[in-house]
Ligand SMILES: *Cc1c(COP(=O)(O)O)cnc(C)c1O
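In this note's numbering, the protein residues as written are 38 to 439.
1) Taking residue 302 and residue 363 to be in contact with their CB atoms under 8 Å, please state how far apart those CB atoms are, rounded to whole angstroms.
2) Excluding five sequence neighbours on each side, which residues of the same chain lie with their C-beta closer than 8 Å to the C-beta of residue 335?
3) Taking 8 Å as the threshold (C-beta atoms), are residue 395 and residue 389 in contact?
4) Between the region 197-208 and the region 154-172, do at least 3 Cβ pairs fall closer than 8 Å?
5) Out of 288, 137, 222, 90, which one is the CA nearest neighbour of residue 166?
6) Compare the Cα-Cα distances from residue 285 to each of 271, 261, 250, 307 and report the closest residue.
7) Give a yes or no on contact between the region 237-245 and the region 111-118, applying the rule of three or more CB pairs nearer than 8 Å.
8) Under 7 Å: does the beta carbon of residue 317 sit that close to some heavy atom of ligand 1?
9) Cβ-heavy atom distance between residue 280 and ligand 1 below 7 Å?
10) With DSSP as the reference, label residue 285 as helix, strand or coil.
11) Going by beta carbon distance, what residues of the same chain come within less than 8 Å of residue 418, once the five residues before and after it are set aside?
12) Measure the Cβ-Cβ separation of residue 61 and residue 102 and say whether it is below 8 Å.
13) Just how far apart, CA to CA, sit residue 173 and residue 280?
14) Helix, strand or coil for residue 226 per DSSP?
15) Run the proximity test for residue 285: is its beta-carbon closer than 7 Å to any non-hydrogen atom belonging to ligand 1?
16) Can you give me the C-alpha to C-alpha distance between residue 225 and residue 186, rounded to a whole angstrom?
17) Just to check my reading of the structure: residue 276 and residue 282 have Cβ atoms closer than 8 Å, yes? What is that Cβ distance to the nearest angstrom?
18) Secondary structure at residue 370, three-state DSSP: helix, strand or coil?
19) Label residue 400 either buried or exposed according to how many other C-beta atoms from any shown protein chain fall within 10 Å of its C-beta, with 16 as the threshold for buried.
20) Ends of the beta strand (DSSP E) at residue 424?
21) Could you tell me whether the region 350-368 touches the region 188-199, using the rule of 3 or more Cβ pairs below 8 Å?
22) What would DSSP say about residue 52, mapped onto helix, strand or coil?
23) Could you give the distance in angstroms between the alpha-carbon of residue 169 and the alpha-carbon of residue 264?
24) Let me confirm a value: residue 140 is counted as buried when at least 16 other C-beta atoms fall within 10 Å, else exposed. Which label applies?
25) Report whether the distance from the Cβ of residue 325 to the nearest heavy atom of ligand 1 is below 7 Å.
26) Is it buried or exposed, residue 383, if we count other Cβ atoms within 10 angstroms and call 16 or more buried?
27) Within 8 Å of any Cβ in chain C, is that where the Cβ of residue 343 sits?
28) My output table needs one value for residue 140: the three-state DSSP class, helix, strand or coil.
29) Put residue 349 into one of helix, strand or coil per three-state DSSP.
30) Would you tell me roughly how many angstroms separate the C-alpha atoms of residue 318 and residue 420, rounded to the nearest one?
31) Please list the segments of the beta strand (DSSP E) lying wholly inside the region 108-152, counting only runs of 3 or more residues, in order along the chain.
32) Does the beta-carbon of residue 393 have 16 or more other beta-carbons within 10 angstroms, so that it is buried, or is it exposed?
33) Between which two residues does the beta strand (DSSP E) harbouring residue 85 extend?
34) By the three-class DSSP mapping on this structure, what secondary structure does residue 320 have?
35) Quick check on residue 152: buried or exposed, where buried means 16 or more other Cβ atoms within 10 Å of its Cβ?
36) Please list the terminal residues of the continuous beta strand (DSSP E) segment that includes residue 101.
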């Protein structure tokens with residue numbers, strides 16, 4: 038952290054985030070843990086949370102783990118007025134030996150740092166924050182649900198707290214993390230989710246903030262999401278521009294699998310052009326697919342050995358999906374993200390003008406593999422789950438909390 042010189046010539050010391058200063062104040066009574074299977078995503082409060090504050094003069098406070106409870110903030114706080122809120126989404130599960138494990142958590146810390154920088158919020162020491170989050174998980178270990186498909190979701194959050202309605206960067210901040218036990222994200226996950234393709238409302242655009250996990254990227258999607266739900270679709274397939282280019286599927290990254298003339302499979306996903314969130318599951322999917330493609334005999338993925346795999350990160354239009362579906366070569370589409378890992382997309386409602394160009398109607402794009410995960414989505418699910426659980430130590434992605 039920079040130390041601007043003071044009038045007396047001495048460097049002014051701004052305290053860095055220091056995990057060795059962490060204190061733990063335990064709750065006097067612990068809450069009963071609800072039965073797995075009864076969870077409503079994101080609503081269960083555990084016993085403790087992690088919290089620390091940043092002051093522009095003194096720097097980071099000592100981090101604290103303390104009983105879960107409300108924050109007290111000035112009503113003029115920058116985050117309430119100008120949405121200086123950034124967050125992360127991670128999961129802890131119990132590894133094969135019962136130790137909690139995280140999946141590529143350093144990547145979440147790096148992404149939180151980049152989101153903070155985009156919102157002109159103060160930087161923090163990534164390793165120190167991760168050390169504190171691990172301590173929180175150890176403190177809340179009894180909340181990690183055992184059943185397959187369940188986990189302890191972790192929500193690190195950084196908010197701007199300068200108490201002034203002046204338009205400008207927040208000099209003060211609060212960084213906290215809460216955890217909440219979760220089951221499978223979509224109740225229908227064994228089948229798949231339906232998407233309504235929308236380009237009337239645009240989620241993210243070139244030069245915008247879609248590449249960061251900022252709270253302000255999500256709320257403008259709530260109203261269109263209600264419209265899609267009223268039409269019978271689970272989520273929105275966000276498009277941009279005349280060419281109806283795909284950006285995201287709800288708050289997930291999007292993949293399409295196409296059958297090639299030569300018998301192989303092409304997996305297409307939109308590129309990281311700033312309109313798309315650089316998902317860690319997206320990256321893991323690409324790493325695994327490319328490793329598999331480079332050496333089919335290594336059997337990295339459980340796919341037929343005679344199916345060559347080709348990966349394309351490129352602009353992808355929903356019109357192409359419609360053409361492939363018509364030609365019978367659109368094998369499957371799936372979404373990726375920490376909340377779902379991999380989820381099948383069972384159909385995509387594409388809004389198309391009628392013959393006379395006036396009336397618009399929704400035409401469904403369906404998948405050759407049917408409603409559930411197709412062969413590639415299933416192979417990804419199996420491999421990613423094994424890596425997450427630390428059963429398969431692919432590139433050391435599973436990180437133990439100790
Ligand atoms: C968090 C998020 C994702 C998925 O990112 P992961 O790191 O894979 O969990 C994808 N799209 C959006 C818009 C997101 O917010």
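Glycine is no exception: its CB is placed at the ideal position from the N, C-alpha and C atoms. None of these values were measured; they are calculated from a predicted model.
To lay it out plainly:
1) Between residue 302 and residue 363 the beta-carbon gap is near 18 Å, outside 8 Å, which marks them as no contact.
2) 328, 329
3) no
4) yes
5) Answer by Cα proximity: 90.
6) 307
7) no
8) Because some heavy atom of ligand 1 lies under 7 Å away, the Cβ of residue 317 counts as near it: yes.
9) no
10) strand
11) 378, 379, 410
12) yes
13) 46 Å
14) Summary for residue 226: the model assigns pLDDT 47, below 50, so the residue's position carries little reliability; its value from the coordinates is reported in the next sentence. In the structure shown, residue 226 sits in coil (DSSP, three-state: anything other than H, G, I, E or B).
15) Yes, the beta carbon of residue 285 sits closer than 7 Å to at least one heavy atom of ligand 1.
16) Summary for residue 225: the model assigns pLDDT 46, below 50, so the residue's position carries little reliability, and this model does not support an answer.
17) 6 Å
18) strand
19) exposed
20) Residue range 412-425 is occupied by the alpha helix (DSSP H) that includes residue 424, with no beta strand (DSSP E) assigned at that position.
21) no
22) strand
23) 40 Å
24) Per the 10 Å Cβ criterion, buried.
25) no
26) buried
27) As a matter of chain content, chain C is missing from the structure shown, which is built from one protein chain.
28) strand
29) strand
30) 12 Å
31) If we require 3 residues or more, the beta strand (DSSP E) runs fully inside the region 108-152 come out as 122-124, 127-131, 137-140.
32) exposed
33) 85-92
34) Helix at residue 320.
35) buried
36) 101-104 is the extent of the beta strand (DSSP E) around residue 101.
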